[in-house]
Structures are given as structure tokens and as C-alpha cells.
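Take a look at the structure below.
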Amino acid sequence: MAGDKRPLIAHVIYRLDVGGLQNGVVNLINRLPADRFRHVVICATDYTDFRDRIQRDDVEVYALHKQAGQDFGLYLRLFRLLRRLRPALLHSRNLATVECQLSAWLARVPCRVHGEHGWDVNDPDGNNRKYQWLRRMFIPFVHRYVPLSRELERYLVEKVGVPDYKITRIYNGVDTERFNPQGKRSLPESFGVAEDLIVIGTVGRMHGVKDQLTLVRAFTRLTELVPEAKDKLRLVLVGDGPLRVQAEAILSEYGVRQAAWLPGEREDIPDILRAMDLFVLPSSAEGISNTVLEAMASGLPVVATAVGGNPELVQEGECGALVPPGDPAALADVLAAYVRDPERLRSHGEAARVRAETQFSLAGMLERYARLYDTLLRRAAQRVSASEASGV
Numbered sequence: 007m008a009g010d011k012r013p014l015i016a017h018v019i020y021r022l023d024v025g026g027l028q029n030g031v032v033n034l035i036n037r038l039p040a041d042r043f044r045h046v047v048i049c050a051t052d053y054t055d056f057r058d059r060i061q062r063d064d065v066e067v068y069a070l071h072k073q074a075g076q077d078f079g080l081y082l083r084l085f086r087l088l089r090r091l092r093p094a095l096l097h098s099r100n101l102a103t104v105e106c107q108l109s110a111w112l113a114r115v116p117c118r119v120h121g122e123h124g125w126d127v128n129d130p131d132g133n134n135r136k137y138q139w140l141r142r143m144f145i146p147f148v149h150r151y152v153p154l155s156r157e158l159e160r161y162l163v164e165k166v167g168v169p170d171y172k173i174t175r176i177y178n179g180v181d182t183e184r185f186n187p188q189g190k191r192s193l194p195e196s197f198g199v200a201e202d203l204i205v206i207g208t209v210g211r212m213h214g215v216k217d218q219l220t221l222v223r224a225f226t227r228l229t230e231l232v233p234e235a236k237d238k239l240r241l242v243l244v245g246d247g248p249l250r251v252q253a254e255a256i257l258s259e260y261g262v263r264q265a266a267w268l269p270g271e272r273e274d275i276p277d278i279l280r281a282m283d284l285f286v287l288p289s290s291a292e293g294i295s296n297t298v299l300e301a302m303a304s305g306l307p308v309v310a311t312a313v314g315g316n317p318e319l320v321q322e323g324e325c326g327a328l329v330p331p332g333d334p335a336a337l338a339d340v341l342a343a344y345v346r347d348p349e350r351l352r353s354h355g356e357a358a359r360v361r362a363e364t365q366f367s368l369a370g371m372l373e374r375y376a377r378l379y380d381t382l383l384r385r386a387a388q389r390v391s392a393s394e395a396s397g398v
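Under my numbering, the final residue of the sequence shown carries the number 398; numbering is consecutive throughout.
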């Protein structure tokens, strides 16, 4: 917009679709002060109607339609777009867009930020040397890295070789007004009307490292560990993907399909979380999970695998528990302990809500990003002033 003095932030992501990373970008755009920043979203591939979640009418979304494999034309298309838009700051995210930092440097974007939100599906533990090398190549072009957890920060420093001074860790934030424990408990009719149901659930894409099958197998084992509560136990698996069919098959095999609800993708996640008693994240790898934060804000104790940033969110024995990944028996044992101790369920849920409000609020996250953007923009302006003063 000609004459608009607000700096333009270009958010570069692989695809604008349902996901935690994308939801974080949308939250930033919607919630950062409109009088301080303008925004544009650039998708390496494409976008879906998820773009409609952007509430501001001054935000353009572009798709660069990256082809499968190595599409070198992508970087030329991005370069041309950046030269036309002239953003003050470019913020790329994860391995899929780190190479876009070269286009940003060539296009003379003054400030360049790269965020690390979690592991690539083909590198769930961060040990892929090719990916480490690829990230290392682009260190000279990035002014600031933003890892979302201590583990990702250690990875950038120890395995990629990013200098400490280039790193600012910022945790995800959760909207504690939208996600809260208040409201009527709404359950599917198939669950029956019993007031003392114990609803265990999870939310996430049903494929790969999310590993909902471990939770399904733990649930079937749980019905055997606490036979006295079997008729009260219910399982909710929100999300879609190839694991959904497998999950239904396992539940049917063990005769507990009627105790489970698999509604696919849903828009009413806050309401569904309020219907649960216990939230489980069975992933084999994670960055900082938005769904864990949403569950905590909803007043739910969280049982999560001890991977990625999960131990930074879930305080063992205070607001939830940590279990080894891929271990249905260990998960079932922890679930059984909660089922047998309603007071523990209640107290851990209350502690989870307090922790979400005090440590992981959306307002705090927004303030940290705004401060980072302002700092980098101010330093870029100072560099320009110094260059002009010296006649360079």
C-alpha cells in the first residue's frame, strides 16, 4: 500500500492448511496490533479455505505452486514477488522454507527471521545430517532464529551451529479465553447419558508421528486393567488421515468400537475439549504442541509422550504425566491411575489451567514476537542511517 508507513511482514510457509504451525501464523496476523504491522502470507505450494481464518481484510495470500521435488523456479518466483512487495521483514518457518532465505537476501529484504516449530516428518529426532547441513548453509542469511522449545534451541546450537546471539526462543501461546473449562459438557449421543463417564481423547492429524494407534491400543488395554470402569470409559479421536481406518479396525477387533467417537476434522475443538476428562498426546515426536496447550487451558490433565517440547509444557505429577513413546502398556498404566483417582484428575486439571494462563498465554507470545520484530526493524533502520551517513 503506497504511503503506508507500517512495516510489511512476509510470512513464508510451505502450505496454508489445517495445522498447528499455520494456526500460529494466523494468530500472529490476527492479534498483532494492526496499527503497527502489515502482513502478507506466501505459500511455497498452495492454500486452502483455512485462509478464511485470517480476520484482517488487508492481508494478501500468495501461492507459488512449488512442483514436486526440487523446483528451482520457486526461488525465482519468490525473488520477483519480494522485489514487488518489498517487505521490511521475512519470517520463514521450518525446513521446508529455509531455502527461501536466499531469495530474501538477494531481494534485499532488510530483516530475515527463521522459525523452527518442530521436526520434519522424515527426521523425527533431528539426527538427519543432510537436514543439519542444509540448515547450516543458510545461517549467514538469517538475522534471527526462533525455536519454539529448549530442545529445538539446543538442536540449532549444537547440531546446526547457529550462534547463541542469533537465537530468540518463543513458546507458543494459547487463547485462554477461547479455550477454557467453562460451559456445558456436550457428548455424542452414542456415548449415552451417564453423568459419570470418563472421556479420554486427543486431537490431531491421524498419520505419521502423531501415532494415535498407541493411544487406541492403550485404551483397549485400559478396559482390561479397570474392568469395574469399563462401561464408563469413552475414547475421542478428533482428526483425519490414514490412521483413522486402522484405529477403527483395532477398536472393532477388541469389541470397544461403540465406546469410541472418531468424528474426523472438526471446527468446534474448544467444545470437544470441554467434553473430555483427560487429554493424551501419543506422538513419537513433537515441537511445542498447540493441542497440549489448548487442552491445558481447557482444564484438562495431559498425558504426553516424553519427546520434543512436551516435558517443557507438562509438569510431571502436577498437571499431567509423561510416558515413553510407542508404549501402549505404559500409557495404559498411567491412564488407569487417573481413572482410579478422580481427585487426581480434578487437581491436575486445575493446575494445567493455571499453568496455561501464567506461562503460555497468547498475549505473552504476541508481545514477544512484536518486541522481536521491532528490535530487528530498528536495527535495520540504524544500519541504513549509518550507511547513508558514511556515504556508502
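Here a beta-carbon is modelled for each residue, glycine too, at the ideal position from N, C-alpha and C. Only a predicted model underlies this, so the values are computations on that prediction, with no experimental measurement involved.
Contact belief for residue i with residue j at Cβ below 8 Å, rounded distance in angstroms
i: LEU162; j: GLY207; result: Rounded, the Cβ-Cβ distance is 33 Å, inconsistent with contact.
i: ILE15; j: PRO93; result: 6 Å
i: THR220; j: PRO288; result: 4 Å
i: SER155; j: GLU318; result: 6 Å
i: GLY245; j: ARG211; result: 5 Å
Extent of the continuous alpha helix (DSSP H) run through residue i
i: ILE278; result: 275–280
i: VAL345; result: 334–345
i: PRO348; result: 348–365
i: PRO116; result: Per DSSP, PRO116 belongs to no alpha helix (DSSP H) and is neither H nor E.
i: GLU322; result: Taken as a continuous stretch (DSSP letters only), GLU322 belongs to no alpha helix (DSSP H), as it is neither H nor E.
i: LEU257; result: 249–259
i: GLU195; result: Per DSSP, GLU195 belongs to no alpha helix (DSSP H) and is neither H nor E.
i: ARG141; result: 135–143
i: PHE185; result: Note, PHE185: premise wrong, no alpha helix (DSSP H); not H, not E.
i: ARG407; result: Summary: the structure shown does not reach residue 407, with the chain confined to residues 7 through 398, and so no result is reported for it.
Closest residue to residue i among the options (Cα-Cα distance)
i: HIS45; options: GLY26, GLY25, LEU88; result: LEU88
i: SER290; options: ALA110, PRO13, PRO130, ASP41; result: PRO130
i: SER353; options: VAL390, PHE366, GLY314, MET302; result: MET302
i: LYS190; options: PRO276, SER258, GLN252, ALA113; result: PRO276
i: TYR177; options: SER393, LEU372, SER391; result: LEU372
i: ARG350; options: ASP64, PRO307, LEU140; result: PRO307
i: ASP202; options: GLU292, MET282, VAL24; result: MET282
i: LEU337; options: VAL286, GLY198, ASP181, GLN321; result: VAL286
i: GLN309; options: LEU284, SER295, ASP333; result: Gln is not the amino acid found at residue 309; the sequence shown has Val there. The residue with the shortest Cα to Cα distance from VAL309 is LEU284.
i: ASN186; options: GLY305, HIS97, ASP237; result: GLY305
Residue interval of the beta strand (DSSP E) (run including residue i)
i: THR311; result: 308–311
i: VAL329; result: 326–329
i: SER98; result: 95–99
i: VAL47; result: 44–49
i: ALA266; result: 266–270
i: LEU162; result: Neither: LEU162 is in no beta strand (DSSP E) and is coded neither H nor E.
i: ILE204; result: 204–209
i: LEU241; result: 239–244
i: ALA69; result: 66–69
i: ILE19; result: 14–19
Burial state of residue i, where buried means 16 or more other Cβ atoms lie within 10 Å
i: VAL215; result: buried
i: GLU159; result: buried
i: ASN128; result: exposed
i: ASN133; result: exposed
i: ARG359; result: buried
i: ALA113; result: buried
i: GLN76; result: exposed
i: GLN188; result: exposed
i: THR226; result: buried
i: ASP58; result: exposed
i: ALA110; result: buried
i: VAL390; result: exposed
Cβ-heavy atom distance, residue i to the ligand GTP, below 7 Å
i: ARG359; result: Absent from the structure shown: the ligand GTP. Ligands present: none.
### Query
Using 8 Å as the Cβ pair cut-off and three pairs as the minimum, do the stretch 338–350 and the stretch 224–241 touch?
yes
### Task
Flag this pair as touching only if the stretch 371–388 and the stretch 140–156 have three or more C-beta atom pairs under 8 Å; answer yes or no.
yes
### Inter-stretch contact (C-beta, 8 Å, three-pair minimum) for the stretch 321–334 and the stretch 260–268
no
### Contact between the stretch 70–89 and the stretch 50–58 (3+ Cβ pairs under 8 Å)
yes
### Task
State whether the stretch 177–186 contacts the stretch 241–260, with contact taken as three or more CB pairs (one from each stretch) at a distance under 8 Å.
no
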